[in-house]
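Chemist:
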Amino acid sequence: MKKHFLLIIIALMALAAKAQNAETMFKSAVNKLKKYDNIEITFDYNMINTEAGIYETMDGAGFLQGEAYKLFIMGQVIICDGNTTWTYNSDAEEVMITEVDKSDGSGSPIAVIESYYDNISAKFVDEKGAVKKIEVKSLMSNDNFKKIIVTLDSNTLDIKDIHLFDNDDTEFVYVIKKFVTNQKLPADFFTFKESDFPDAEIIDMR
4 MKKHFLLIII
14 ALMALAAKAQ
24 NAETMFKSAV
34 NKLKKYDNIE
44 ITFDYNMINT
54 EAGIYETMDG
64 AGFLQGEAYK
74 LFIMGQVIIC
84 DGNTTWTYNS
94 DAEEVMITEV
104 DKSDGSGSPI
114 AVIESYYDNI
124 SAKFVDEKGA
134 VKKIEVKSLM
144 SNDNFKKIIV
154 TLDSNTLDIK
164 DIHLFDNDDT
174 EFVYVIKKFV
184 TNQKLPADFF
194 TFKESDFPDA
204 EIIDMR
């Protein structure tokens, strides 16, 4: 009995250590992201909801710098300076202006990752050599996502893909194809310019 008890204690300690390693590795990857002046990515995007029969896939690209970002996806150009978002829809030929609501979980995939830093639980869900898949859950009850799963290279801490799971059981997948950092961008790069969209109707929803 004593031997069995010691084996259980050892097993629990090993699991605890593994969980801590997953959290430490994830936070190290987030810290690396935060150190970049800016990031350019191209990615494959999938939205999946098996129960609703939804499976959408498309390509996208974007630039990120702090809370600001510029995304190109689904015929849209989305520009955000951290406080205001301008969304250009090429089909409707219109630009919608909204204020950023930082409490609703919206934003770029990298920004969502950075929001998962404190009050989290993390564990490895798959490991293939240096490639680790880490599941991260927020311990905050009002979080907009059930969990995120990040695949990264444990040697470089580079993120390969991101899976976001919302409270409606919809999965949003970003597979990163290109990752470039610390480029020299114009000071007004994340500012909307009407001259770039001369034929678009401006709809201010603020």
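Everything in the sequence shown is counted per my numbering, starting at 4 for the first residue and increasing by one.
Idealized CB from N, CA, C, for every residue including glycine.
1. By alpha-carbon positions, which one of D164, I51 and T101 ends up nearest to T45?
2. Where does V183 sit, in a helix, a strand or coil, going by DSSP?
3. Exposed or buried, which one is I42 when buried takes at least 16 other CB atoms within 10 Å?
4. What number of angstroms, rounded off, separates the C-alpha of L18 from the C-alpha of W89?
5. Return helix, strand or coil for D129, following the three-state DSSP convention.
6. Mind pulling the beta strand (DSSP E) runs of 3 or more residues that sit fully within the segment 30-90?
7. Rounded C-beta distance between D47 and K181? I'm assuming under 8 Å.
8. Under three-state DSSP, which class holds D104?
9. Going by DSSP, what residues sit across from Y119 in a beta bridge?
10. Tell me which residue opens and which closes the beta strand (DSSP E) that D202 is part of.
11. Touching or not, the segment 187-201 and the segment 160-178, by the rule of three or more beta carbon pairs under 8 Å?
12. Can you name the start and end residues of the beta strand (DSSP E) that E96 belongs to?
13. Using the C-alpha atoms, what's the distance from A55 back to I205?
14. Reducing DSSP to helix, strand and coil, say where T27 ends up.
15. Rounding to the nearest angstrom, what Cα-Cα distance links V183 and K135 in this structure?
Modeler: In short:
1. Measuring from the Cα of T45, the nearest candidate turns out to be D164.
2. The answer is strand: DSSP assigns V183 an E or B state.
3. Within 10 angstroms of the beta-carbon of I42 lie 16 or more other beta-carbons, which makes it buried.
4. Only weak support is given to the placement of L18: the predicted model assigns it a pLDDT of 42, under 50, and the value that follows is read from those uncertain coordinates. Their Cα atoms are separated by approximately 46 Å.
5. Strand, per DSSP.
6. Within the segment 30-90, the runs of beta strand (DSSP E) at least 3 residues long that lie entirely inside it are, in chain order, 42-52, 57-68, 71-76 and 79-83.
7. Not quite, the Cβ-Cβ distance comes to about 11 Å (not below 8 Å), so this is no contact.
8. Of the three classes helix, strand and coil, the one that applies to D104 here is coil, per DSSP.
9. Y119 pairs with nothing; no bridge assigned.
10. Element bounds for D202: n/a, residue is neither H nor E.
11. Short answer: they don't touch.
12. That residue, E96, is in no beta strand (DSSP E); it is neither H nor E in DSSP.
13. When rounded, the distance between both Cα atoms is 34 Å.
14. Helix.
15. Roughly 21 Å separates the two Cα atoms.
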